[in-house]
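Engineer:
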Amino acid sequence: MKTLGLRIRQKRNEQNITQLQLSKLVGVSHVTVSQWESDTTAPKGENLYKLAQILKTQANWLISGIDSQHESNVVVAPLAPKTKKLPVISHVQAGAWTEAIDYMALGDDIQWEEAPSSVEENAFWLKVIGDSMTAQSGISVPEGSLILVNPNIPAENGSLVVAKLDGTDEVTFKKLVIDAGQKYLKPLNQSYNPLQINGNCRIVGVVTESKYKF
1 MKTLGLRIRQ
11 KRNEQNITQL
21 QLSKLVGVSH
31 VTVSQWESDT
41 TAPKGENLYK
51 LAQILKTQAN
61 WLISGIDSQH
71 ESNVVVAPLA
81 PKTKKLPVIS
91 HVQAGAWTEA
101 IDYMALGDDI
111 QWEEAPSSVE
121 ENAFWLKVIG
131 DSMTAQSGIS
141 VPEGSLILVN
151 PNIPAENGSL
161 VVAKLDGTDE
171 VTFKKLVIDA
181 GQKYLKPLNQ
191 SYNPLQINGN
201 CRIVGVVTES
211 KYKF
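Going by full-length UniProt numbering, the first residue of the sequence shown is number 1, and it counts up by one from there.
Listed below in structure tokens is the structure:
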């Protein structure tokens, strides 16, 4: 009789996915996937739901080997996860970010952080470098903070954005200001001067969330 681990391995092989690739797609370690397939541990909750989606099967089938769509007219829908894992990428990687994301190309040592499940798949986390967005009052995003960047949100006046300037390899994090038809990238730290932009800048994405980990 097949076990949960054997069913995971069967579906993984059918999708031509390696254990390492599966671990990155689910957002767990390679060791965890190996333990699942050897029945040392079992996926639960959000991990089980994501695993079933990636392997194009049902969580019920992975657990019991029974396809509920054929055994019953009633199919219990799995609870949608409240969060998803998104990569923390470098400022250089962010400068080349596109909508067609190949997570496998990010490398084995990539860091992953939780984000709201409603965020698009091509969103990413970026670590803030420098103190140009550290303000004495109001909104302040200190160095070392993680910011969630969403490339699908249109940038408007007052948006906090990640932008790439022509002739540079890295991105910068600033506030977009539009005044009398002129556009500026404005630091929140008043010790720094705003930078006027005019066709020499590409907005990579809008920042929707930040967090600081001690």
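All residues carry an ideal CB built from backbone N, CA and C; glycine is no exception. These numbers were taken from a predicted model, which means no experiment stands behind them.
Taking the alpha helix (DSSP H) that S64 belongs to, which residues open and close that run?
Structural biologist: Here residue 64 is taken as the residue at index 64 of the sequence shown, counted from 1. It spans 59-64 - the alpha helix (DSSP H) in which S64 sits, taken as one unbroken run.
Engineer: Pull up the distance between the alpha-carbon of D109 and that of S29, whole angstroms please.
Structural biologist: Mapped onto the sequence shown, residue 109 falls at position 109. Mapped onto the sequence shown, residue 29 falls at position 29. Roughly 11 Å between the two C-alpha positions.
Engineer: Considering Cα atoms alone, identify which of G65, E113, I63 is closest to P87.
Structural biologist: Locating residue 87 in the sequence shown gives position 87, counting from the first residue. Among G65, E113, I63, the Cα nearest to that of P87 is on E113.
Engineer: For G144, count neighbouring C-beta atoms within 10 Å of its own C-beta (all shown protein chains included) and say buried if the count is 16 or more, exposed if not.
Structural biologist: Mapped onto the sequence shown, residue 144 falls at position 144. Exposed, because fewer than 16 other Cβ atoms sit within 10 Å of the Cβ of G144.
Engineer: Taking a contact to mean a Cβ-Cβ separation below 8 Å, would you say L146 touches K211 in this structure?
Structural biologist: Here residue 146 is taken as the residue at index 146 of the sequence shown, counted from 1. Here residue 211 is taken as the residue at index 211 of the sequence shown, counted from 1. For L146 and K211, yes; Cβs fall inside 8 Å.
Engineer: Less than 8 Å between the C-beta atoms of residue 260 and V161, yes or no?
Structural biologist: The chain is shown only over 1 to 214; residue 260 falls outside these bounds and no answer can be derived.
Engineer: Could you name the residues of the same chain whose beta carbon sits closer than 6 Å to that of Q35, not counting the 5 residues immediately before and after it, in chain order?
Structural biologist: Residue mapping note: residue 35 aligns to position 35 of the sequence shown, counting from 1. Contacts found: T41.
Engineer: For V75, count neighbouring Cβ atoms within 10 angstroms of its own Cβ and tell me buried if that reaches 16, exposed if not.
Structural biologist: Position 75 of the sequence shown, counted from the first residue, corresponds to residue 75. Residue placement at V75 is flagged as unreliable, the pLDDT there being 44, under the threshold of 50; the coordinate-derived value follows with that caveat. The residue in question, V75, is exposed, as its Cβ has fewer than 16 Cβ neighbours within 10 Å.
Engineer: Residues bridged to E209 by DSSP?
Structural biologist: As a position in the sequence shown, residue 209 is number 209, starting the count at 1. For E209, which the question treats as bridged, DSSP gives the partners L148.
Engineer: What first and last residue would you give for the alpha helix (DSSP H) that runs through E14?
Structural biologist: The residue labelled residue 14 in the question sits at position 14 within the sequence shown. Where E14 is concerned, the enclosing alpha helix (DSSP H) stretches over 4-14.
Engineer: Once DSSP output is grouped into helix, strand and coil, what is the label at A115?
Structural biologist: By one-based count along the sequence shown, residue 115 stands at place 115. Strand, per DSSP.
Engineer: According to the Cβ coordinates, are I153 and T208 closer than 8 Å?
Structural biologist: Within the sequence shown, the letter at position 153 stands for residue 153. Within the sequence shown, the letter at position 208 stands for residue 208. In contact: I153 and T208 (Cβ atoms closer than 8 Å).
Engineer: Have a look at K174, K24, I197, A52 and flag the residue whose alpha-carbon is nearest the alpha-carbon of G5.
Structural biologist: Translated into positions along the sequence shown, residue 5 becomes position 5. Residue A52 is the option with its Cα nearest to G5.
Engineer: Going by DSSP, what residues sit across from P87 in a beta bridge?
Structural biologist: Taking the sequence shown and counting its residues from 1, the one referred to as residue 87 is at position 87. Answer is W112, bridged to P87.
Engineer: Are the CB atoms of I66 and L126 within a distance shorter than 8 Å?
Structural biologist: Here residue 126 is taken as the residue at index 126 of the sequence shown, counted from 1. Here residue 66 is taken as the residue at index 66 of the sequence shown, counted from 1. No. Outside cutoff.
Engineer: Hey, how far is the Cα of K159 from the Cα of G167?
Structural biologist: Taking the first residue of the sequence shown as position 1, residue 159 is located at position 159. Taking the first residue of the sequence shown as position 1, residue 167 is located at position 167. The question names Lys, but residue 159 in the sequence shown is Ser. Rounded to whole angstroms, S159 to G167 spans 23 Å at the Cα level.
Engineer: Measure from the alpha carbon of F173 to the alpha carbon of each residue in K82, V92, A180, Q182, then state which is nearest.
Structural biologist: In the sequence shown, residue 173 corresponds to position 173, counting from 1. Per the Cα distances, V92.
Engineer: On the DSSP letters alone, give me the boundaries of the beta strand (DSSP E) that V177 sits inside.
Structural biologist: As a working mapping, residue 177 is identified with position 177 in the sequence shown. Per DSSP, V177 belongs to the beta strand (DSSP E) from 171-179.
Engineer: What number of angstroms, rounded off, separates the C-alpha of D131 from the C-alpha of Y184?
Structural biologist: Against the sequence shown, residue 131 aligns to sequence position 131. Against the sequence shown, residue 184 aligns to sequence position 184. Their backbone Cα atoms lie some 18 Å apart in a straight line.
Engineer: Give the straight-line distance between the Cα atoms of K2 and L22, rounded to the nearest whole angstrom.
Structural biologist: In the sequence shown, the residue the question calls residue 2 occupies position 2. In the sequence shown, the residue the question calls residue 22 occupies position 22. Spanning the two alpha carbons is a distance of roughly 20 Å.
Engineer: Assuming contact is defined by CB atoms lying nearer than 8 Å, are R7 and L62 in contact in what I supplied?
Structural biologist: Position 7 of the sequence shown holds residue 7. Position 62 of the sequence shown holds residue 62. Yes, the Cβ-Cβ distance between R7 and L62 is below 8 Å.
Engineer: Between the beta-carbon of P187 and the beta-carbon of M133, is there less than 8 Å?
Structural biologist: Locating residue 187 in the sequence shown gives position 187, where the first residue counts as 1. Locating residue 133 in the sequence shown gives position 133, where the first residue counts as 1. Contact: yes.
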